[in-house]
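Numbering (the working numbering), first residue to last: 1 to 101.
Ideal Cβ positions, reconstructed from N, Cα and C, are used throughout, including at glycine.
In what follows, a structure is listed as structure tokens, so that the remarks can point back to it.
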């Protein structure tokens, strides 16, 4: 059950909401796609103007200030780990006995 969309909202915003609400998660936009959408809105004066009619300055100022630069340049990857040679798990009481605590 979705909230009723205000008809005075810009079509681009309605379309984005409907994509985000799609019942099939594969059709919903990814975070990268949302970022690209917001960047394109930031550069489109017509969209900014339409958004300002609905919520003066709030939405357009947020979009204009949207920082799309990565916070760090490090990229993390995962690799498969060989877990076959791990020792048997030790419970807390056994560990305490080893440490004579």
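The ligand NAP and residue 6: does the residue's C-beta get closer than 6 Å to at least one heavy atom of that ligand? The ligand NAP is absent from the structure shown, which contains no ligand whatsoever.
Just mark residue 50 as buried or exposed, buried being the case when its beta carbon has 16 or more other beta carbons within 10 Å. buried
In three-state terms, what does DSSP make of residue 92? helix
Given this structure, state the Cα-to-Cα distance separating residue 13 from residue 95, to the nearest angstrom. 58 Å
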